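Asker:
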Amino acid sequence: MDVARIGVVGLGAMGSGIAQVAIEAGFDVVGREVTAQLGDAAAGRVAHFLTRKVEKGQRTQDERDGAVARLRTTTDLDDLADCDLVIEAIVEELGAKRELFGRLEEICRPDAVLATNTSALSVTEIAAATSSPERIVGLHFFNPAPLMPLVEVVRAELSSDEAVATALAVVERLGKVAVPCHDTPGFVVNRILIPLLNDCVRVLDEARVTPEALDAAMTNGAGWPMGPCRLVDLVGVDVHVHASEALYEKLREPRMAPPPRLVAMRNAGLHGRKSGRGFYTYERG
Ligand SMILES: NC(=O)c1ccc[n+]([C@@H]2O[C@H](COP(=O)([O-])OP(=O)(O)OC[C@H]3O[C@@H](n4cnc5c(N)ncnc54)[C@H](O)[C@@H]3O)[C@@H](O)[C@H]2O)c1
């Protein structure tokens, strides 16, 4: 199916980034937030990032203005009725997502593809809340969506070939790198990266090295572009612990469980870059 209009539900960190990527690629986007204030704030953030691109010479003013004009925000889910593809990026809770997909199924055209940006939930379980699971896929963008090239295109148990093909074609038009995969816990990247980062944090204590030293070891000895402690700070300690817990719950492998040190940091509000303090201290703002 040819996609012209994309709905994005939830314009938080991920949804607003996805909306930005989509309007930059020429799609019309209807973004839905729970309040007009949150919708306006998200649209403001997107406009701000596109203005920065003009200042850096990465976009012309006309391109920026055209993209900004393609984003419409709403609080009414019914406004997504004429979308060809809807990407859900709301809170990472199975119940909330299942409820939303039940409503989207009623609102959207039967041929519209419905996608979830979930990181750690089962796309199949979300799809099972509807009577048309064949049109549901996972589209797992990485944070920040405008900068990270990868999108995992997740085929759930009952996804149709057509829905997957539509999702793949959209990802290509977004200028992203698509990796198609099946619906398994953590998909591809998180299934590997989460236990790996957990191992890194355990080594901090076992080898009694500082975060700076561990990061220096992995950047200089393993060629990582960024050290593991900096990476956990960037992802968000809370986000990482939540994803670890979800993977552990599903796979029951000890390496998936978040190390107590990270759980303690999460509980203390040391969430990394966004909170100003994690393994490192950051200037706010
Ligand atoms: N942050 C990441 O690194 C990252 C990366 C990839 C995928 N994800 C996934 O993307 C999704 C969104 O994550 P985020 O980091 O953007 O979260 P966020 O908290 O920044 O944004 C979520 C948005 O959804 C809205 N919302 C919350 N509950 C809702 C509900 N019940 N109905 C409708 N709207 C609701 C909120 O107003 C909020 O703006 C989650 O499923 C998350 O697992 C996150």
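Using my numbering, the first residue of the sequence shown is number 1, and each one after it goes up by one.
Just so it is clear, CB atoms sit at the ideal spot from N, CA and C, and this is done for glycine as well.
All values derive from a computational prediction rather than experimental measurement.
1. Does DSSP put T219 in a helix, a strand or coil?
2. Apart from the five residues just before and just after S16, which ones in its own chain have a Cβ nearer than 7 Å to its Cβ?
3. If I measure Cβ to Cβ from L71 and keep anything under 7 Å in the same chain, skipping five residues before and after, which residues do I get?
4. For L247, which three-state DSSP category applies?
5. Tell me the DSSP bridge mates of A115?
6. Please name the residue or residues paired with L71 in a DSSP beta bridge.
7. With 16 other CB atoms within 10 Å as the buried threshold, where does I192 fall?
8. Tell me whether V97 counts as near ligand 1, meaning its Cβ is closer than 8 Å to at least one heavy atom of that ligand.
9. Please tell me whether V237 and R266 are closer than 9 Å, where the distance is taken between their beta carbons.
10. Check the C-beta distance from A163 over to N117 and give it rounded, since I have them as a contact under 8 Å.
11. Tell me where the alpha helix (DSSP H) around L121 begins and ends.
12. Which same chain residues, not among the five before or five after L247, have their C-beta less than 6 Å away from its C-beta?
13. Just grab the DSSP bridge partners of T281 for me.
14. Per DSSP, which one or two residues make a beta bridge with A178?
Answerer: According to the structure shown:
1. Annotated three-state conformation of T219 is helix, per DSSP.
2. Residues A42, R45 and V46 of the same chain have their beta carbon placed closer than 7 Å to that of S16, with the five preceding and five following residues left out of the count.
3. Cβ-Cβ distances below 7 Å link L71 to A19, I23, V29, G31, A43 and V46 in the same chain, with the five nearest sequence neighbours on each side left out; the list follows chain order.
4. Helix at L247.
5. For A115, which the question treats as bridged, DSSP gives the partners I87 and V137.
6. In the DSSP output, where bridge partners are listed per residue, L71 has V29.
7. The residue in question, I192, is exposed, as its Cβ has fewer than 16 Cβ neighbours within 10 Å.
8. Position check: residue 97 holds Lys in this sequence, whereas Val was assumed. Set against 8 Å, the gap from the CB of K97 to the closest heavy atom of ligand 1 is smaller.
9. A distance below 9 Å separates the beta carbons of V237 and R266.
10. Wrong, their Cβ atoms sit about 15 Å apart, outside the cutoff.
11. Premise fails: L121 is in no alpha helix (DSSP H) and is neither H nor E.
12. Closer than 6 Å at Cβ, skipping near neighbours: P185, G186, I194 and M256.
13. Beta-bridge partners of T281 (DSSP): R277.
14. When beta bridges are read from the DSSP output, A178 appears opposite V151.
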